[in-house]
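Using the numbering used here, the first residue of the sequence shown is number 127, and each one after it goes up by one.
Heads up, the thing below is written out as C-alpha cells.
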Amino acid sequence: MALHSRIGGRLGKYSDLIMAIAVLGVVVMLIVPLPEWLLDTLLVVNLAGAALIFLTTLYVQEPLQFSVFPSLLLIATLFRLSLNIAATKLILGTGSAGRVIEAFGNFVVGGDYVVGVVAFLILVIVQFVVITNGAGRVAEVAARFTLDAMPGKQMAIDADLNAGLITEEQAKERRKAIEEEADFYGAMDGASKFVRGDAIAAVLIIIINIVGGFLIGLRNGQGDAMTILRTYTLLTVGEGLVAQIPALFISTAAGILVTRTATQTHIGQDLFSQLFSRARPAWIVAGMLVTMALVPGFPIIQLLLLAAALGGIGYVVTQGHRARSRRAETAPKRQPAPEAPKGPEAVLPLLTVDTIELELGLGLLGLVDASAGGDLVERINLIRRQTALELGIVLPSVRIRDNLQLKNEQYAIKIKGETVATGEVRPQYLLAMGADDPQQMESLGGIPTREPAFGLTAHWIPVSRRDAAEMMGYTVVEPSAVVATHLTEVIKQHAANILTRQDVQTLLDHTKQQNAAVVQELVPDLMTVGEVQKVLQHLLRERIPIRDLGTILETLADYAPRTKDPDQLGELVRAALARTITRQYLSSDGTLYVMTLEPSLEGRLRESVQPTASGLQLAIDTAFASALLREIGAQVEQMATMGYVPVILCSSQIRLPLRRLIERSMPSVACIAYNEVASGVPVEAVAVVSVPMFAGVSQAA
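Dropping the structure here:
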C-alpha cells in the first residue's frame, strides 16, 4: 500500500508534464522517421494501452468514473494515426516495417495476403458500420436525453434538499454531477466521430500503401510484379491489423461506456445476475439445442454439452429461488400489538393536540414499516434536521397514525389538529415528472396524476420502468419521497403557526449560552416572549430563516425602546438580515433578477397605505386591486418563462402591505425592499409592473 501511494503520488506530481511530452511526441512522429525497434515498441504500447482502456470500462460502475475517456479517445486516435504514418514511411522507404507488423502479416493471416485483406476489411466494416455507428447514435441520444432531463433532476435535488434528505453540500455535489454528466455525453457525441474517421482513414491508408508500394517496388526493380504485390500487401495488411485491433478495443470500450447505466456492481456481475436470474429461458434454450442435435449433420457432442450446461444453470437458479422462498416462509412473523386493557379510560390525554400529524390510509402503512423497506420515518427525521438548518426552528415530533376514514392510498397532513393538505400516492409505483410526451408515457404504462407538493403534471409508472423513464428525461421519485416533499412544503408554509412561545423560550435559552447579554437586555425588560414570538412569526410567514437569532435579538434590542409594533420591528429585522434575504433569491450567476413597480404606481400605492387593526394595508378598491394583481401575475409568468425566481423589489413603505395584498393569490412571489438587498449584489430589473392609476385608488385624507 505504501509503495502504491508513493508511485501514485509521484505520477500525479508529474502527470501534466508526462501528458504534454506524450502529446508532443505524437506530433513529432508525424514528421521524424522512426527506427524499426522504436516503431515495434510504440505498436506494442498502442495495443497494451487500448486493452487497458477496454478493461477499465468493464470495471467502472458508472460512466462518470471514466469521464476522461473522450479526451483519451482523441489522443489515442491521433497516436494510432501517427503510427500508421510512421509505418507507411518505413514500408514504402525500406520495404520493411519491424517485427510486429511482419508477425501480423505472416503469422496472424498465415502469410496469405488475400486472407489478410479480407480479414482487415471485415474488421473495419464491423468497427465502422456496427460498433462505431451504434456507439455514436447512443451517445447522441444520451446527450439529448441528459440535457432534457437536467431541469427535472435539478428539481429532484431541490425536492430532496427541501425534504431534508440531503445537505446543502450533497446538493452541490449532485448538481455538479449532473453538469459533468451532460458534459460527458456531449463530449462522447463528438468523440465518436473520431473513431468513425479513424476507420475511414485506415481503409484509405491501406489502399495508398499497396498502390504506392507496388509502384515503388516496380521502379526500384525489387522483383516481379506478383512478388512485389505480395510483399507490400502483407506488410500493409499487417500494419492495418496491428492498428485496427487496438482501434476495435477502443471503439468497443466507447460503446460499453455510453450504454452503461449507473449501478453498484461491474458489468460482468450485472450481466450474469440479470441474464441468469430466471430458469425458464435457460431450460427453453437447452431444449432447443437438444432438438438441433437430432437434426442430421449438426455436431451432436457440442450441442448436447452446451444443452447440459444450460440445463445445469437452470437447475441451480431454480434451487436458489426455492431456497429463498423457504427462508421467507420461515422468517419470524410480526406479532400483533397487545390489546389495551379494558377499564376506565383516561380522558385528559385525549385533549392533547399534536402540532404536526401525518395520517395514512391503510395502503400506505408499508411506507413507515422499516422491515418492509419503508423509509418514511427516516425521511421525516431528516426533515426535522433540515428545517432546523434552513429556517432555524426546532420542529416537534411528527405524529404518524393510520386513519380508516381515508382512502386506501390517501394521506392527510394536520397542523394543530386541522387538516391543511391531502394527497394520494401509489406505494407500488414510482412518480415520474418532467418531459410530458404522451407517446413516451403510454409506452411506460403511466397513470396521469399531479405531484401534490407543487401541483406539477406527473405520472405513476411501474417500478420496472424506472430506467426507461430516466433515459427519456423524466425525474423519478419514490412514493415516500413524494409524501416527505409535500410534508416539507406544508411545514414551511405554516412555520409561523407551528412556532409557539415555548419554542421561542427554548431558542432564547439556547442563544443565551453564546449571547447572554443581549437576551438578558431584551427579555423581559424590553419585550416579552410573546412579542418576540410575533416578530419571528412575521419573518417565518415569508420563509425568512431565523437561524441567525443573535442578529435578530440585537436589532430588537436596538429598536424595541422606540416601538413595540411587531410589523415595524419585523421590517427593521428584515433590513438587518439583508444578506440572508438576498441569498435566497440570487440566480446561479450571482445576480438578483427582479420586477419593479413603475414610479408613478409606486408613489400612488405609497399614498394609499393606511394602518388598520390587522396592520398596514393598501386602501385601494377591488377593481384596481384586481388589475394590479393581474399585471403582477403576468410579470411573474414572464419571469418564470425566463427561468428567474419571481421577486418584487419596491420601497420599504409599501413592501409589507403589498405583500399582504398578493400573498393569498401568489404566495410564492417574494416581495423585498430596496434596503433588504445586500450591498455589492448586482440587481437587474427584467420586468416592470404598470397599471393605469386614474381610477380605483383612495386618496389618503
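Even glycine gets a Cβ: it sits at the ideal position worked out from N, Cα and C.
Residue from the options whose Cα sits closest to the Cα of residue i
i      : options                           : result
Thr767 : His664, Ile211, Leu190 and Val812 : Val812
Ala595 : Val252, Gly560 and Leu164         : Gly560
Gly492 : Val609, Leu436, Gly175 and Pro161 : Val609
Ser740 : Tyr719, Val762 and Arg786         : Arg786
Pro828 : Asp651, Leu634, Gln554 and Glu568 : Outside the shown range of the chain, which is 127 to 827, sits residue 828, and nothing can be said about it.
Leu723 : Ile758, Thr385 and Ala686         : Ile758
Ala245 : Thr385, Ile371, Ala745 and Val602 : Ile371
Ile519 : Asn210, Ile624 and Asp651         : Ile624
Gln566 : Thr681, Met597 and Leu143         : Met597
Glu647 : Leu199, Arg301 and Ala683         : Ala683
Ala622 : Leu666, Val644, Leu652 and His612 : Leu666
Ser92  : Gly499, Gly366, Gly729 and His447 : Because the chain spans 127 through 827 in this model, residue 92 falls outside it and cannot be assessed.
Val815 : His447, Gln764, Thr183 and Lys298 : Gln764
Asn172 : Leu517, Pro159, Pro737 and Val226 : Val226
Arg404 : Val416, Gly438 and Ala373         : Gly438
Delimiting residues of the beta strand (DSSP E) encompassing residue i
i      : result
Gln736 : Val735 to Thr738
Thr545 : Glu544 to Glu550
Pro574 : Ile573 to Arg576
Ala380 : Careful: Ala380 lies outside any beta strand (DSSP E), inside the alpha helix (DSSP H) at Ala351 to Val384.
Ile798 : Ala796 to Ala799
Residues bridged to residue i [DSSP beta-bridge criterion]
i      : result
Thr722 : Leu775 and Val814
Glu483 : Arg525 and Lys540
Tyr600 : Gly560
Val804 : First, the amino acid is wrong: residue 804 is Ala here, not Val. The partner list for Ala804 (beta bridge, DSSP) is empty, contrary to what the question assumes.
Trp586 : Leu557 and Ile573
Val809 : Leu718
Leu742 : Pro737
Residue i, buried or exposed, once every other Cβ within 10 Å from all chains shown has been counted against 16
i      : result
His664 : buried
Ser141 : exposed
Thr583 : exposed
Ala434 : exposed
Lys660 : buried
Asn534 : exposed
Met352 : exposed
Asp747 : exposed
Pro422 : exposed
Tyr441 : exposed
Ala146 : exposed
Ala463 : Annotation note: pLDDT 47 at Ala463 (below 50); position unreliable, coordinate value reported separately. The residue is exposed, with fewer than 16 neighbouring Cβ atoms inside 10 Å.
Tyr311 : buried
Lys279 : buried
Glu550 : buried
Pro671 : buried
Phe424 : exposed
Cutoff 9 Å: residue i Cβ touching any chain C Cβ
i      : result
Leu420 : Judged by its chain identifiers, the structure shown contains no chain C, having just a single protein chain.
Segment limits, alpha helix (DSSP H) that includes residue i
i      : result
Ala753 : Thr748 to Thr767
Gly423 : It is not in any alpha helix (DSSP H) - Gly423 carries neither H nor E in the DSSP assignment.
Gly413 : Ala405 to Ala419
Leu648 : Ala642 to Leu648
Val152 : Ser141 to Met155
Val158 : Neither: Val158 is in no alpha helix (DSSP H) and is coded neither H nor E.
Arg627 : Arg627 to Lys638
Leu622 : The sequence given here places Ala at residue 622; Leu does not occur at that position. Run containing Ala622: Ala621 to Ile624, per the alpha helix (DSSP H) assignment.
Pro692 : Pro692 to Ala702
Thr203 : Phe195 to Thr220
Val226 : Gly224 to Ala229
Ile509 : Leu502 to Glu516
Val655 : Val655 to Leu666
Glu680 : Leu675 to Tyr685
Touching or not, the stretch 306–323 and the stretch 188–204, by the rule of three or more beta carbon pairs under 8 Å?
Three or more beta-carbon pairs drawn from the stretch 306–323 and the stretch 188–204 are found closer than 8 Å, and the two stretches are therefore classed as touching.
Evaluate contact between the stretch 492–505 and the stretch 573–591, counting only Cβ atoms and requiring at least three cross-stretch pairs below 8 Å.
No: fewer than three Cβ pairs fall under 8 Å.
Pair every Cβ in the stretch 632–647 with every Cβ in the stretch 590–597, then say whether three or more of these pairs are closer than 8 Å.
Segment contact: the stretch 632–647 against the stretch 590–597, fewer than three CB-CB distances shorter than 8 Å; contact not assigned.
Touching or not, the stretch 374–382 and the stretch 335–352, by the rule of three or more beta carbon pairs under 8 Å?
Of all C-beta pairs linking the stretch 374–382 to the stretch 335–352, fewer than three are shorter than 8 Å, placing the two stretches out of contact.
Do the stretch 717–734 and the stretch 685–693 make contact, defined as three or more Cβ pairs closer than 8 Å?
Cβ pair count under 8 Å is below three, so no.
At a cut of 8 Å, does the stretch 321–340 reach the stretch 212–232 through at least three beta carbon pairs?
Two segments are said to touch when three or more pairs of C-beta atoms, one from each, lie closer than 8 Å; by this definition the stretch 321–340 touches the stretch 212–232.
Cβ contact (3+ pairs, closer than 8 Å) linking the stretch 481–499 and the stretch 519–533
Yes: at least three Cβ pairs fall under 8 Å.
Three or more C-beta pairs closer than 8 Å, one from the stretch 767–786 and one from the stretch 677–687: is that the case here?
The stretch 767–786, when compared against the stretch 677–687, does not touch it at the 8 Å Cβ threshold.
Quick test of the definition: if touching needs 3 or more C-beta pairs under 8 Å, does the stretch 355–362 touch the stretch 151–160?
Short answer: they don't touch.
Any chance the stretch 790–810 sits against the stretch 701–709, with 3 or more Cβ pairs inside 8 Å?
Contact between the stretch 790–810 and the stretch 701–709 is present: 3 or more CB-CB pairs across the two stretches fall below 8 Å.
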